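To start, the structure under review is shown below, and the notes come after it.
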Amino acid sequence: MPATADLASLRAMGRPFVTTRDAAVRLGLSVSAASHLLRRLTEAGMVRSVRRGLWAIDPEAWPMQLAAWVVAPYPAYVSLWSALHAHGMLSQIPRETHLVSLARPQRLQTGLGTVVVHQVAPEAFGGYATRPDGVALATPSKAIFDLAYLSATHGKRFQRLPEIRLGRDYRRRESRAWAARIPSRRIRTITLTRIEGIERDAEATGRG
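Below you can see the structure in the form of structure tokens.
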């Protein structure tokens with residue numbers, strides 16, 4: 008089968024990305040042969056290498072779609088500055104794609120840009136929806152909660168925030184409901200205080 012036909016078969020799976028192993032199964036090849044094929048397609052500019060063993064087969068694939076792939080089998084979703092920008096709550100374009108996950112914290116260099124993985128406890132994981140384009144995106148309230156929670160658990164990196172516009176879709180009750188799940192009274196109090204500070208700053212500048 009010509010390489011272009013193989014690529015068409017992979018794209019027919021309806022995924023933006025494919026692993027070498029999944030490509031091998033789909034095409035009835037050995038893993039080694041599938042890897043060789045994908046490298047050839049990459050050299051031809053038809054596929055992009057994202058990370059070792061992971062390939063972008065959709066020419067329109069973009070970093071925010073990586074959440075379901077880069078830390079698998081752990082779940083992850085787009086949050087923090089990336090989600091705020093996607094919701095129109097932050098005008099500044101983040102230079103990195105920020106994910107929240109149960110996986111260990113890490114900074115990943117990919118063929119689509121830098122992805123930063125932030126770890127949260129199981130009780131703080133969730134509050135996102137998967138869009139038709141495959142992006143698992145935190146709700147506005149959950150993105151604010153994640154910023155506040157990580158500032159309470161990870162310190163300085165999350166202390167200084169750019170100007171945030173809360174907007175119509177922000178739900179104060181939702182962010183506080185997430186805070187109520189935190190078992191540590193100390194972390195819960197710091198998180199709530201941080202949420203209130205973000206809201207207050209937005210209101211003071213007419214962005215609430």
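Under this note's numbering, the letters of the sequence shown match residues 8 to 215, in that order. Virtual Cβ for every residue (Gly too), placed ideally from N, Cα, C. Note that the structure is a prediction, hence the values are computed from the model and not measured.
Here GLN126 is buried. Its C-beta has 16 or more other C-beta atoms within 10 Å. Here THR146 is buried: its Cβ has 16 or more other Cβ atoms, across all protein chains shown, within 10 Å. Here the C-alpha atom of GLY52 lies approximately 48 Å from the C-alpha atom of GLU210.
Apart from the 5 residues on each side of it in sequence, ARG18 sits with its Cβ closer than 8 Å to the Cβ of ILE64 and ASP65 in its chain, given in chain order. Note on the stretch 88-167: whole alpha helix (DSSP H) runs with a minimum of 4 residues are 147-161, in chain order.
The criterion of a C-beta distance shorter than 9 Å is satisfied by ALA110 and TYR81. Taking THR117 as the centre and dropping the five residues before and after it, the same chain places the C-beta of VAL57 and ARG58 closer than 6 Å to its C-beta, in chain order.
The beta carbons of PHE24 and ALA68 sit about 6 Å from each other, so the pair counts as a contact at 8 Å. Of the candidates LEU91, GLY120 and LEU106, the residue whose Cα lies closest to the Cα of ALA75 is LEU106. Straight through space, the alpha carbons of VAL38 and SER16 are spaced by roughly 16 Å. SER56 is bridged by DSSP to TRP62. With respect to MET96, ALA136 sits apart: the two C-beta atoms are not nearer than 9 Å. Under the three-state reduction of DSSP, ALA83 is assigned to strand. ILE194 and ALA159 have their alpha carbons spaced roughly 6 Å apart. With contacts defined by Cβ atoms closer than 9 Å, PRO70 and GLY120 form a contacting pair. Residue pairing from DSSP places THR26 in a beta bridge opposite LEU61.
Taking the Cα of ARG102 as reference, the smallest distance to any Cα among PRO112, ARG28 and VAL122 is reached at VAL122. Here GLU130 is exposed. Its C-beta has fewer than 16 other C-beta atoms within 10 Å. With respect to LEU87, LEU199 sits apart: the two C-beta atoms are not nearer than 9 Å. Residues of the same chain with a CB within less than 6 Å of the CB of GLN72, apart from the 5 flanking positions on each side, are PRO23, GLY141 and VAL142 in chain order.
For GLU50, the enclosing alpha helix (DSSP H) begins and ends at 38-50.
Residue range 179-186 is occupied by the alpha helix (DSSP H) that includes TRP185.
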